[in-house]
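Numbering (this note's numbering), first residue to last: 11 to 79.
Below is one structure, written out as structure tokens, with a few remarks after it.
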């Protein structure tokens with residue numbers, strides 16, 4: 011589970027960002043957890059944008075890697 015202030019990489023896009031909050035998506039009567047992430051890097055992404063996607067779409071990375079990638 012990612013926490014606020016953790017660094018994460020998006021599994022499909024490769025976008026890197028810092029977790030800023032949580033949310034949810036309701037699909038077929040089921041709540042699915044989401045993360046709100048402030049983007050730092052990523053091809054095709056606007057640096058500084060905040061995006062929200064399913065928690066399962068993100069994985070944690072070391073803070074050191076997020077600054078060097």
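Glycine included, every Cβ here is placed at the ideal spot set by N, Cα and C.
In this text the structure is predicted, and so the values were computed from the model without any measurement.
Assignment of beta-bridge partners to residue 40 by DSSP yields 37.
When the beta-carbon positions are compared, residue 33 and residue 46 come within less than 8 Å of each other. Spatial neighbours of residue 59 in its own chain (CB-CB distance under 6 Å, excluding positions within 5 residues in sequence) are listed in chain order as 49.
Sequence-distant partners of residue 73 (beyond 5 residues in either direction) whose C-beta falls short of 7 Å from its own C-beta, in its chain, are 17. The beta-carbon distance between residue 14 and residue 31, rounded to whole angstroms, is 6 Å. This is short enough to meet the 8 Å contact definition.
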